[in-house]
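First residue of the sequence shown? That's 1 in UniProt numbering, and the numbers climb one at a time after it.
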Amino acid sequence: MDWLSPEEWQAVLLSLRVSVVAMICSLPVAVAVAWLLARKRFAGHSIVSGIVHLPLILPPVVTGYLLLLTFGTQGTIGSVLKEFGIVFAFRWTGAAIAAAVMAFPLMVRAIRLGFEAVDPRLEQAAATLGAPRYAVFLTVTLPLIWPALLAGLALGFAKAMGEFGATITFVSNIPGQTQTIPSAIYALLQAPGGEARAMRLVIISVAIAMAAVILSEALARRAKIRD
1 MDWLSPEEWQ AVLLSLRVSV VAMICSLPVA VAVAWLLARK RFAGHSIVSG IVHLPLILPP
61 VVTGYLLLLT FGTQGTIGSV LKEFGIVFAF RWTGAAIAAA VMAFPLMVRA IRLGFEAVDP
121 RLEQAAATLG APRYAVFLTV TLPLIWPALL AGLALGFAKA MGEFGATITF VSNIPGQTQT
181 IPSAIYALLQ APGGEARAMR LVIISVAIAM AAVILSEALA RRAKIRD
């Protein structure tokens with residue numbers, strides 16, 4: 001992409017890196033939480049669901065500030081991790097955490113719908129044949145929710161690519177280290193004559209977001225057809 005400057009290209013690559021790492025790390029937790037909310041009824045079910053969806057409701061800056069209080073070098077968890085040489089604040093890994101937290105509700109929602117669409121009788125039939133629970137999940141449930149799983153990843157990836165408020169609050173806007181596409185666009189719009197450069201990144205953001213949404217819709221339709 002010769003029409004992108006080295007700094008802009010760096011922001012694109014960092015955004016892709018942050019988004020991919022965020023999705024890979026949060027996927028197992030999203031699957032577990034989605035299964036819990038879809039299959040179990042317990043006291044506090046609504047509270048757990050509310051906590052999961054908080055990042056969608058709270059202002060992103062608030063989420064970023066809470067992450068700073070938790071994972072910052074002086075935070076409750078961050079101060080302990082610092083003793084082991086692990087630092088997230090003002091690092092690209094911190095941007096991945098912020099992206100994962102903001103995308104997590106969308107992933108859980110999509111995967112949860114997949115679990116709810118699976119007929120429990122199919123799982124029960126496999127269990128009656130002597131298959132252990134983990135085998136039933138891997139051989140019956142997981143293949144059936146595969147489209148929903150991919151749809152959740154696509155939506156989560158798009159959300160992670162566009163995350164700004166929580167990221168800039170938690171890890172700041174450091175070129176080459178924490179400056180993702182949204183942060184780069186913000187910085188360019190603050191500089192005189194930066195509108196044209198910002199528009200190039202806007203076009204890339206729109207293209208990636210549209211591709212992710214189209215993919216998610218296609219996977220959702222596929223899941224309905226299979227049902």
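No residue lacks a Cβ here, since even glycine has one placed at the ideal position from N, Cα and C. Being a predicted model, the structure only gives us computed values, none of them experimental.
Candidates the options: closest to residue i by CA position
{"i": "L13", "options": "P192, L129, P182", "result": "P182"}
{"i": "Y65", "options": "I168, L153, T180", "result": "I168"}
{"i": "A218", "options": "T178, A11, L149, A160", "result": "L149"}
{"i": "T139", "options": "E123, A160, T93", "result": "E123"}
{"i": "V171", "options": "G72, V213, P59", "result": "G72"}
{"i": "S49", "options": "P132, V21, S26, F104", "result": "F104"}
{"i": "M210", "options": "E163, A158, P175", "result": "A158"}
{"i": "W35", "options": "L4, A110, V80", "result": "A110"}
{"i": "A154", "options": "E7, A11, A22", "result": "A22"}
{"i": "G114", "options": "V33, R17, V18, V213", "result": "V33"}
{"i": "P120", "options": "A98, L144, A99", "result": "L144"}
{"i": "I174", "options": "W92, G152, G156, F137", "result": "W92"}
Simplified DSSP assignment, three categories, for residue i
{"i": "W3", "result": "coil"}
{"i": "L129", "result": "coil"}
{"i": "A212", "result": "helix"}
{"i": "A89", "result": "coil"}
{"i": "I77", "result": "coil"}
{"i": "F115", "result": "helix"}
{"i": "P105", "result": "helix"}
{"i": "A207", "result": "helix"}
{"i": "T139", "result": "helix"}
{"i": "K40", "result": "coil"}
{"i": "E83", "result": "coil"}
{"i": "G165", "result": "helix"}
{"i": "Q124", "result": "helix"}
Cβ-based burial, residue i [other Cβ within 10 Å; buried from 16]
{"i": "I208", "result": "buried"}
{"i": "P192", "result": "exposed"}
{"i": "L201", "result": "buried"}
{"i": "G44", "result": "exposed"}
{"i": "Q179", "result": "buried"}
{"i": "T141", "result": "buried"}
{"i": "V52", "result": "buried"}
{"i": "L189", "result": "exposed"}
{"i": "M199", "result": "exposed"}
{"i": "S5", "result": "exposed"}
Range covered by the alpha helix (DSSP H) that runs through residue i
{"i": "P55", "result": "45 to 57"}
{"i": "T70", "result": "60 to 71"}
{"i": "S172", "result": "Taken as a continuous stretch (DSSP letters only), S172 belongs to no alpha helix (DSSP H), as it is neither H nor E."}
{"i": "K159", "result": "142 to 162"}
{"i": "L189", "result": "181 to 190"}
Beta-carbon separation (whole angstroms), residue i vs residue j, contact threshold 8 Å
{"i": "T63", "j": "V101", "result": "6 Å"}
Minimum Cβ-Cβ distance from residue i to chain B less than 8 Å
{"i": "A32", "result": "Absent here is chain B; the protein component of the structure consists of one chain."}
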